[in-house]
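Residue numbers (the working numbering): 13 to 231. For every residue, glycine included, the Cβ atom is placed at its ideal position computed from N, Cα and C. Quantities reported herein were computed from a predicted structural model and do not represent experimental measurements.
Dropping the structure here:
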């Protein structure tokens, strides 16, 4: 007869394999990011109503020790940008925009971000991020986010975000979702046009530099 297997040893081996897999996942992937994203979208689908494009969506967060700056006092600058991923995907899902992306196999890419830090978010403070569309073009959506602390309702940071699209006629999709004419555009904030102008100037500058490098390369 063969030797009987030891159930305890087998159990320990299984746990060792599982723990190894978990550790490797955390080493090579941002597991918490994917878990938080899945939770945010899942919570919205289970407990929140659909939103129209005239409305803002909201998600909530707390400034934990993992989010702190080098002085361990306030939310780090990088964390603001990271939090926008959750707010943006939640917005796409709640407004029905994500469904439209899937139907036409379109892709959306973060093209530019402009953030103004008005006041720090202290450690252990609770806050919400509001998200709304402020404008769109043929190939881009423009979104405004606000970080608002719940204790005082103060807007701690304001973010303007450009979402470039691939394989999508944005005005057509927005006309379908809003029920308005394809030529309709919302009135953007006063500072929006200045930001657009600065991006155009930056694009022209780098295009000019690129052309110069190409000309020198052919000589």
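Query raised in the report: Straight-line CA distance for residue 88 to residue 19?
Result: 48 Å
Report task. Report the three-state DSSP secondary structure of residue 174 (helix, strand or coil). Result -> strand
Requested in this report: Using the Cα positions of residue 50 and residue 44, report the straight-line distance between them to the nearest angstrom.
Outcome: 10 Å
**Report entry** In DSSP terms, what residue 110 is bridged to
**Finding:** DSSP lists no partner for residue 110.
Query raised in the report: So residue 48 is in the alpha helix (DSSP H); what residue range does that whole segment cover?
Result: 43-59
Requested in this report: Since I believe residue 167 is in contact with residue 160 (beta carbons under 8 Å), could you give me their beta-carbon distance rounded to a whole number of angstroms?
Outcome: 5 Å
**Report entry** Validate contact between the segment 170-187 and the segment 145-156 using beta carbons, cut 8 Å, 3 pairs
**Finding:** yes
Query raised in the report: For residue 182, does the count of other Cβ atoms within 10 angstroms reach 16, so buried, or fall short, so exposed?
Result: buried
Query - Cutoff 7 Å; reference residue 194; Cβ partners in own chain excluding five residues on either side - result: 183, 184, 187
Query raised in the report: Which residues in the same chain have their Cβ closer than 7 Å to the Cβ of residue 274, if we skip the five residues on either side of it in sequence?
Result: With the chain covering only 13 through 231, there is no way to say anything about residue 274.
Report task. Could you name the residues of the same chain whose beta carbon sits closer than 8 Å to that of residue 211, not counting the 5 residues immediately before and after it, in chain order? Result -> 124, 174
Query raised in the report: Which residues does DSSP pair with residue 145 in a beta bridge?
Result: 155
Query raised in the report: In chain order, which continuous runs of the beta strand (DSSP E) of length 3 or greater are located wholly inside the segment 166-211?
Result: 167-178
Query raised in the report: In whole angstroms, what is the alpha-carbon distance linking residue 97 and residue 21?
Result: 43 Å
Requested in this report: Would you kindly report the start and end of the unbroken beta strand (DSSP E) that includes residue 32?
Outcome: That residue, residue 32, is in no beta strand (DSSP E); its alpha helix (DSSP H) goes 19-40.
Report task. Within the same chain, show all residues whose beta-carbon is closer than 6 Å to that of residue 224, passing over the 5 residues directly before and after it, in chain order. Result -> none
Requested in this report: Closer than 8 Å by C-beta to residue 121: which residues in its own chain qualify, once you throw out the five before and the five after it? Chain order, please.
Outcome: 175, 176, 177, 178
Requested in this report: Could you check the C-alpha separation between residue 199 and residue 29 for me, to the nearest Å?
Outcome: 56 Å
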